[in-house]
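Working notes, structure below.
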Amino acid sequence: MILSNFSYYFQKKLNLKYSSLKKSGPSLVLVLISLFFCIPVFIISGSLFLPFEGVWVHLVDTVLTDYMLNSFLLLIGVGFFSLLLSVIPAWLVTMYKFPASNWLQWAILLPMAMPAYIIAYSYTGALDAAGPVQATIRDLTGLGYSEYWFPEIRSLGGAITMLSLVLYPYIYLLARATFAEQSVCVLEVSRTLGCNTMSAFRRVALPLARPAIIVGLSLVLMETLADYGTVQYFGVSAFTTGIFKTWFGMDSSLAAAQLSALLLLFVFVFLFLERRSRKLLAFHHTSNRYSPLLKQELRGIRAFFAFFVCFTPLLFGFIIPIGFLVGHAIEIYSGTIDYSFIRLLSNSILLALITSFLALFVALFLGYINRNNFSFINKFLIRFISLGYAVPGTVIAIGVLIPFAWFDNRLDNFLLANFNVSSGLLISGTLFILIFAYLVRFITIPINTVEAALEKIKPGIDEVAKTNGMSHFNIMRKIHMPIMKGSLLTCSLLVFVDVLKELPATLILRPFNFNTLAVRTFELANEERLADAAVPALAIVVAGIIPVIMISNSISRSRPGYE
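Using our numbering, the first residue of the sequence shown is number 17, and each one after it goes up by one.
In structure tokens form, the structure reads like this:
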């Protein structure tokens with residue numbers, strides 16, 4: 017009897033512990049994942065609490081002011097011109113019909129497929145003193161090299177222009193999506209109250225779209241801070257170039273980490289201000305009723321003006337630079353497509369495929385933890401993991417390399433001392449560290465996509481499936497996946513293309529004798545072999561066009577009542 021009671025009591029306790037573990041297990045796993053993904057941020061932030069070396073004092077005395085000033089001017093210039101190139105075209109293609117408007121509404125996004133460093137190489141080859149533009153000027157005027165004024169492309173102004181031409185689609189994308197979702201009823205009421213077309217745009221549509229525009233602007237500014245290829249090629253002293261010089265030129269990992277921490281502080285302050293401003297500037301529709309979107313047809317000079325405004329950013333951000341790249345590629349095509357290029361292509365595709373698959377897997381895992389075990393702590397941890405996209409690739413690379421290199425060195429010393437065996441660079445010399453940095457940088461895209469897709473699936477569907485005996489895995493495979501497959505494919509493609517384009521993290525973390533399309537393009541351009549850089553650059557651009565078109569089509573279908 018006593019033994020029976022004890023067995024019953026023990027079984028009850030065991031069941032309670034198992035039940036408790038089953039409930040808390042996913043949260044514990046989420047904590048471990050968040051800690052792992054936040055290693056770079058913790059390492060970089062922690063460097064501020066270490067003693068400042070002489071290198072840091074030298075940076076403060078000489079170049080730190082230049083880094084801060086140039087980065088600030090880049091942010092102001094790129095932000096202003098990106099807004100100028102994006103908001104009005106987004107309004108025009110959404111609300112009006114004019115020649116080629118249906119084509120332009122997705123074509124305006126094409127510069128998004130063009131990395132800033134590639135467009136910089138294209139324009140440098142065209143506008144340099146030895147390029148075709150200045151050569152034509154000299155032929156037509158008979159002037160010599162130093163006898164006329166021509167704007168210097170390799171300058172702060174040139175960097176602002178190049179970055180603006182490829183980053184404005186971030187704002188255009190969100191502004192157009194918001195304009196497409198706005199209620200026509202609101203705009204019609206504003207017109208009955210005496211607003212003309214421009215007044216309705218300025219006083220009604222723009223305030224409603226302002227939060228989305230601010231989000232797009234924040235993405236533009238974060239990408240500006242993260243850029244390395246353009247500012248390095250144009251000789252602009254910014255934070256990212258300073259971090260590279262400090263690490264590789266001055267051989268000081270601590271000073272590079274502390275410089276990265278300063279940049280990280282700027283990013284986090286900016287993120288805080290962006291989120292706060294979004295809350296203060298929030299506007300809401302008061303009705304769910306949407307009338308069909310009837311575009312107003314423009315004719316004559318107004319149609320020409322609308323076409324000009326929308327076509328100009330596409331012309332300078334994609335058509336002209338892609339034309340120069342294609343021209344160079346045709347010139348040297350026969351000597352470029354060889355075994356080394358195929359190897360570059362396969363390396364890049366391998367990295368992009370592995371990263372996009374792992375990112376999607378992790379995002380799905382986190383999404384289902386949050387869906388099935390929702391809590392504010394879980395939500396906070398997932399948001400914390402998602403901060404990676406705001407952190408420049410250079411900073412992530414430094415934050416990843418320091419701890420893993422330390423671990424490799426300690427392990428190697430231990431094995432040599434005790435077993436006379438060297439482990440070498442077990443982690444920091446492999447693709448693992450590079451893929452991990454990519455995951456930290458780009459995990460935000462699939463996390464947000466999975467979260468948005470799961471929110472559209474009502475929990476009642478899951479409950480009905482459970483009553484029919486379906487497991488969580490089968491619910492995901494047979495019900496959720498068919499619904500989410502379009503969104504998951506798009507976000508996977510975005511991660512794939514972002515990995516192909518990523519330059520600074522790849523430069524720092526790639527294994528010895530391992531190259532990618534982005535790195536090879538950068539190396540050839542730095543050697544002033546711009547024609548040779550055209551083929552790998554074109555491969556990156558072509559890969560980036562597919563998700564751009566898919567995203568544009570999804571925006572067209574986003575308006576309520578779309579058929």
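The beta-carbon is built from N, C-alpha and C at its ideal position, and this holds for glycine as well. Note that the coordinates shown come from a computational prediction; the quantities given were computed from them, not determined experimentally.
Length of the line joining the Cα atoms of residue i and residue j
{"i": "Leu403", "j": "Val456", "result": "8 Å"}
{"i": "Thr537", "j": "Leu275", "result": "27 Å"}
{"i": "Tyr133", "j": "Val558", "result": "15 Å"}
{"i": "Val342", "j": "Ala550", "result": "7 Å"}
{"i": "Leu441", "j": "Phe452", "result": "16 Å"}
{"i": "Asn464", "j": "Trp165", "result": "49 Å"}
{"i": "Glu518", "j": "Lys482", "result": "43 Å"}
{"i": "Asn588", "j": "Tyr249", "result": "Nothing can be reported for residue 588: it is not among the residues displayed for the chain, which extend from 17 to 579."}
{"i": "Phe489", "j": "Leu505", "result": "20 Å"}
{"i": "Leu37", "j": "Ser43", "result": "At Leu37 the pLDDT is 45, less than 50, meaning the model places this residue with poor confidence and gives no usable figure here."}
{"i": "Phe266", "j": "Trp422", "result": "Note on residue identity: the sequence assigns Met, not Phe, to residue 266. Their backbone Cα atoms lie some 19 Å apart in a straight line."}
{"i": "Phe373", "j": "Leu509", "result": "10 Å"}
{"i": "Ile153", "j": "Gly383", "result": "58 Å"}
{"i": "Cys326", "j": "Leu90", "result": "24 Å"}
{"i": "Phe458", "j": "Leu516", "result": "12 Å"}
{"i": "Ile477", "j": "Asn484", "result": "11 Å"}
{"i": "Glu471", "j": "Arg292", "result": "24 Å"}
{"i": "Ser98", "j": "Ala254", "result": "19 Å"}
{"i": "Pro127", "j": "Ser102", "result": "12 Å"}
{"i": "Ala363", "j": "Leu156", "result": "Before going further, note that residue 363 is Asn rather than Ala in the sequence given. Whole-angstrom Cα-Cα distance: 46 Å."}
{"i": "Tyr112", "j": "Phe96", "result": "25 Å"}
{"i": "Leu48", "j": "Ile398", "result": "11 Å"}
{"i": "Glu347", "j": "Leu546", "result": "12 Å"}
{"i": "Leu417", "j": "Ser503", "result": "33 Å"}
{"i": "Phe88", "j": "Phe286", "result": "12 Å"}
{"i": "Leu181", "j": "Pro329", "result": "7 Å"}
Contact under 8 Å by Cβ, residue i with residue j
{"i": "Ile443", "j": "Asp428", "result": "no"}
{"i": "Leu361", "j": "Leu554", "result": "no"}
{"i": "Leu125", "j": "Ile499", "result": "no"}
{"i": "Ser50", "j": "Phe400", "result": "yes"}
{"i": "Val71", "j": "Thr262", "result": "yes"}
{"i": "Leu13", "j": "Val252", "result": "Since the first residue of the chain shown is 17 and the last is 579, residue 13 is not available in this structure."}
{"i": "Ile169", "j": "Asp144", "result": "yes"}
{"i": "Phe340", "j": "Ala116", "result": "no"}
Where residue i falls, given that 16 or more other Cβ within 10 Å makes a residue buried
{"i": "Lys474", "result": "exposed"}
{"i": "Asn386", "result": "buried"}
{"i": "Asn16", "result": "Because the chain here runs from 17 to 579, residue 16 falls outside it and cannot be looked at."}
{"i": "Leu158", "result": "Residue 158 is actually Gly in this sequence, not Leu. With fewer than 16 other Cβ atoms within 10 Å, it is exposed."}
{"i": "Gly119", "result": "It is Trp, not Gly, that sits at residue 119 in the sequence shown. Answer is exposed; the Cβ neighbour count stays below 16."}
{"i": "Val247", "result": "buried"}
{"i": "Gln312", "result": "exposed"}
{"i": "Asp548", "result": "buried"}
{"i": "Leu314", "result": "buried"}
{"i": "Ser356", "result": "exposed"}
{"i": "Thr15", "result": "There is no way to answer for residue 15, as the model of the chain reaches only from 17 to 579."}
{"i": "Ser438", "result": "exposed"}
{"i": "Gly316", "result": "exposed"}
{"i": "Ser487", "result": "exposed"}
{"i": "Ile454", "result": "In the sequence on display, residue 454 carries Tyr and not Ile. It is buried - the Cβ of Tyr454 has at least 16 other Cβ atoms within 10 Å."}
{"i": "Ile353", "result": "exposed"}
{"i": "Thr371", "result": "buried"}
Option in the options with minimal Cα separation from residue i
{"i": "Glu479", "options": "Thr465, His496, Asn464", "result": "His496"}
{"i": "Arg359", "options": "Ala142, Ala193, Val535, Gly62", "result": "Val535"}
{"i": "Glu467", "options": "Phe381, Leu279, Val551", "result": "Phe381"}
{"i": "Ala225", "options": "Pro131, Met238, Phe195, Glu239", "result": "Phe195"}
{"i": "Phe114", "options": "Ala271, Ala322, Val47, Gly95", "result": "Ala322"}
{"i": "Ala541", "options": "Leu281, Ile230, Met111, Gly245", "result": "Gly245"}
{"i": "Phe512", "options": "Ile556, Pro552, Leu470", "result": "Ile556"}
{"i": "Leu367", "options": "Arg545, Leu450, Arg192, Gly476", "result": "Leu450"}
{"i": "Ala106", "options": "Phe68, Thr152, Tyr184", "result": "Tyr184"}
{"i": "Leu279", "options": "Pro408, Ala193, Thr152, Glu239", "result": "Pro408"}
{"i": "Lys419", "options": "Gly445, Ile401, Phe435, Phe396", "result": "In the sequence as displayed, the identity of residue 419 is Pro instead of Lys. Checking every option, the nearest Cα to that of Pro419 belongs to Gly445."}
{"i": "Phe288", "options": "Arg192, Val231, Ala175, Ser50", "result": "Val231"}
{"i": "Leu241", "options": "Arg426, Asp548, Tyr83, Leu126", "result": "Tyr83"}
{"i": "Ala191", "options": "Phe284, Leu222, Thr177, Arg170", "result": "Leu222"}
{"i": "Ala273", "options": "Phe260, Ile565, Tyr454, Thr81", "result": "Phe260"}
{"i": "Ile59", "options": "Leu80, Val94, Ala271", "result": "Ala271"}
{"i": "Ile565", "options": "Leu66, Trp122, Phe96", "result": "Trp122"}
{"i": "Ala469", "options": "Tyr454, Ser487, Lys501", "result": "Lys501"}
{"i": "Asn569", "options": "Val94, Ala193, Phe96", "result": "Ala193"}
{"i": "Ile92", "options": "Leu179, His74, Glu69, Phe53", "result": "Leu179"}
{"i": "Asn388", "options": "Arg318, Met492, Phe377, Ile365", "result": "Met492"}
I'd like to know if the region 335-342 and the region 130-139 are in contact, where contact means that at least 3 CB-CB pairs between them fall below 8 Å.
yes
Take every Cβ of the region 410-418, pair it with every Cβ of the region 513-527, and state whether three or more of those distances are shorter than 8 Å.
yes
Stretch-stretch touch, CB-based, cutoff 8 Å, three pairs: the region 232-240 with the region 176-191:
yes
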